Each structure stands twice: as C-alpha cells, then as structure tokens.
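**Student:**
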Amino acid sequence: EANIFTRPTDFMDLKVGRQILTWGTGDLIFINDMFPKDWQSFFIGRDTEYLKAPSDAAKVSLFGESVNLDIAYTPRFDPDRYITGDRISYWNSNTQSTAGQDAIVHTDKPDDWFSDSEIAARLYKNIDNYELAFYGYRGYWKSPGGQNAAMKAIFPDLNVYGASLRGTVGKGIGNAEIGYYESADDLSGKNPLISNSEMRYLLGYTQEIGRDFTMGVQYYIEQMLNYGPYKNNLPPGPARDRYRHLTTLRLTKLLMNQNLRLSLFTYFSPSDKDVYMRPNANYKVSDNLAVELGSNIFFGDYPNTFFGQFRDNTNIYTGLRYSF
Numbered sequence: 556e557a558n559i560f561t562r563p564t565d566f567m568d569l570k571v572g573r574q575i576l577t578w579g580t581g582d583l584i585f586i587n588d589m590f591p592k593d594w595q596s597f598f599i600g601r602d603t604e605y606l607k608a609p610s611d612a613a614k615v616s617l618f619g620e621s622v623n624l625d626i627a628y629t630p631r632f633d634p635d636r637y638i639t640g641d642r643i644s645y646w647n648s649n650t651q652s653t654a655g656q657d658a659i660v661h662t663d664k665p666d667d668w669f670s671d672s673e674i675a676a677r678l679y680k681n682i683d684n685y686e687l688a689f690y691g692y693r694g695y696w697k698s699p700g701g702q703n704a705a706m707k708a709i710f711p712d713l714n715v716y717g718a719s720l721r722g723t724v725g726k727g728i729g730n731a732e733i734g735y736y737e738s739a740d741d742l743s744g745k746n747p748l749i750s751n752s753e754m755r756y757l758l759g760y761t762q763e764i765g766r767d768f769t770m771g772v773q774y775y776i777e778q779m780l781n782y783g784p785y786k787n788n789l790p791p792g793p794a795r796d797r798y799r800h801l802t803t804l805r806l807t808k809l810l811m812n813q814n815l816r817l818s819l820f821t822y823f824s825p826s827d828k829d830v831y832m833r834p835n836a837n838y839k840v841s842d843n844l845a846v847e848l849g850s851n852i853f854f855g856d857y858p859n860t861f862f863g864q865f866r867d868n869t870n871i872y873t874g875l876r877y878s879f
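Our numbering applies: residue 556 is where the sequence shown begins, and numbers increase by one.
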C-alpha cells in the first residue's frame, strides 16, 4: 500500500492511492463489498487478510451528527484476482470439463482510465447498539460475468444496491444484509453469454460459547432473477439452480494463554452439494514471530459447482510470519 491521508476539515477524511477498501457485515461472504478480492491467494493458503486485494482509489469519508457517508472512486476498474487455471484448476463451461494450464482464462477487461471507472458509496448510522447501512455501487462484475463472441471472458456492467443491519442479539452479535445485483448489460436475462441479475441475502450470528471459544454461523442465498428467459436461452450444458444456498460455520478456540489459536471455517452448500473447509492452527512464538499450519479442503458431488470445481485442488500449507 502507498497512499496519502489528509483531514481537510473536522468532518472529512480523504485517502488517495493504493489502499484496502472494505465494508459489509459478512464473514468471508461479500454482498455489498464490491472491492477486489484475491481468490487465488485465499484458496492456496495465504493469510486471510490477503483475500482483500488493494485498490488504486480515492476514498472520502464525511461525518455528520446523524449519518456518515463513505464514497470510494476507482478511476480504472480493479477486478478480482480470479481463478485463471494457472495455479488452480476450474470448471470450463465451453469444454464442459475441468481445465487448468491447458485452458488459461483470457479476458477482455475494461482498462481505460476514468471511462472504465467504479464508484461505491455507503451511508450508515448507529442506532443504540445497532449499525444500519445502505450501499450503492456502479461498475462491473468483479470476476468474469460472461463471454464475448471471441470466447474471451468479459466483465459486464453491474449496479448494486443494498442494505445491512448489525448489532447485539441475545448474548452475541447478529447481522443481516441484502443486495440487488442489476446486470445492466442484460436486464431481460435473455443473453446466455452474460450473467443474470440477482438478489443476495445473508443472515449471521456470532457468540462466545465457552471460555476463549467462539462460534459463528451464517446462511446465505443467491437468487437468479429472470430465470425463465435464462432457461429458455441456455446453451447445451448443466443449468444453474434458481437459488443457491450456502451455510458457514466458524469455530475458534484460544489456548496456552491465547498464544495458540485453533480455527475451522466451513462452507457447505446444500443446493450445490459441495463443501470447502479451512482448518488452521496458529501459534504466537513471540511478540514478533508466529507460525501456522492449515489446509484448504474441497469436496463436491459435481464438477461444475462453485466449490466442487476445486475438488482436485485440496492443499496443505505452512507459514512463518515475522512482524516488526
């Protein structure tokens, strides 16, 4: 990261340059967080913090007595660091088979300064022990959302509108989030080469269930809109379900005076019938040094589902981190 931060007034912050941008309420599930993600890093075992890739952007934060407003402007489209087949194999819908370095994903990416820009905004307010937020985004699908006549992956225009609520529920913290994904290049859903518009929903809850032992659960749904036109114009091959259901479970236990952290994060989709598990053990040797061991484990009944396509990419990793 390299950026300039300034506070021109008491009610405004401004940061310009390469920076990590994030918002939303999900735990490793992103609805209104439309900033770039590094999925290759995530799936091969780098620290979770590297999932959020940097943006070359300008962010303005305005603070008011009743509401606050964040606006992030990216002058040139910053896509996800998506799966290309170079290091991780994937499902290739053109060949209807699993592919890797034999079929690297080639893209036609919006790449012009200012004309291919993105803008995202968040309006939020604290009400008692709850944070209410509204979101807006205008840009492009962050990972390829279709292909052109030359069979190159493309990033169609995308608008996102959403809201979230997070706060105390019982002995823990609950959150709810919703987002409408408007696929601006195919509002009717009739173009089989462009992703349809979607609704996305999330409910989550986190609570300490024992001494230094926390549990978090989430339920997430993707709903494809204009499903009839999608089915009527679908080329040969398996069809997506109208609804994709996904649950997550996070378990975290601290031991040895909180120097040892054992964690397990699991995604399970009952609709796709696939699973992604992330067990991890992290030991803090000293204030500066930490070591860790973990794994990325994929299961799936079908090779064309989101996690099922990675079932040949299960891996074990180890890491050493020195901070100063």
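Backbone N, C-alpha and C fix where the C-beta goes; we use that ideal spot for every residue, glycine too. Computed from a predicted structure; not experimentally measured.
(1) Near alanine 676, what residues of its chain come up, given a Cβ to Cβ distance below 6 Å and the 5 sequence neighbours on each side ignored?
(2) I think proline 790 touches proline 747, with their Cβ atoms under 8 Å apart; what is that distance to the nearest whole Å?
(3) Straight-line CA distance for tyrosine 775 to glycine 722?
(4) Return the bridge partner residues of proline 834 from the DSSP annotation.
(5) Closest to phenylalanine 820 by CA distance: which of Phe865, Leu569, Asp867 and Ser850 is it?
(6) Return the Cβ separation of asparagine 499 and tyrosine 877 in integer angstroms, given the expectation that the two are a contact with Cβ distance under 8 Å.
(7) Taking the CB atoms as reference points, tell me whether histidine 661 and alanine 708 lie closer together than 8 Å.
(8) Straight-line CA distance for lysine 786 to methionine 706?
(9) Please determine whether the Cβ atom of tyrosine 831 lies at a distance below 7 Å from any heavy atom of the ligand PLP.
(10) Whose C-alpha, out of Phe566, Met567, Asp582 and Lys570, is nearest the C-alpha of glycine 759?
(11) Quick one: what does DSSP say asparagine 781 is sitting in, helix, strand or coil?
(12) Straight-line CA distance for aspartate 635 to glycine 725?
(13) Express the C-alpha separation of arginine 795 and lysine 828 in angstroms, rounding to a whole number.
(14) Quick check: threonine 803 and isoleucine 599, are their CB atoms within less than 8 Å of each other?
**Tutor:** To lay it out plainly:
(1) Around alanine 676, the same chain offers Ile626 and Gly691 as residues with beta carbons nearer than 6 Å, after the five sequence neighbours per side are excluded.
(2) Contact between proline 790 and proline 747 holds, with the beta-carbon distance rounding to 6 Å and staying under 8 Å.
(3) Taking the straight line joining both Cα atoms gives about 18 Å.
(4) According to DSSP, residue pairing for proline 834 in a beta bridge involves Leu819.
(5) Looking at Phe865, Leu569, Asp867 and Ser850, the one whose alpha-carbon comes closest to that of phenylalanine 820 is Ser850.
(6) Not covered by the structure: residue 499. The range shown for the chain is 556 to 879.
(7) Contact: yes.
(8) So the two alpha carbons sit approximately 21 Å from each other.
(9) Judged by which ligands are present, the structure shown has none, so any question about the ligand PLP falls away.
(10) The residue with the shortest Cα to Cα distance from glycine 759 is Asp582.
(11) When DSSP states are grouped into helix, strand and coil, asparagine 781 belongs to the coil group.
(12) For aspartate 635 and glycine 725, the distance between alpha carbons rounds to 36 Å.
(13) C-alpha separation (whole angstroms): 13 Å.
(14) Not in contact: threonine 803 and isoleucine 599 (Cβ atoms no closer than 8 Å).
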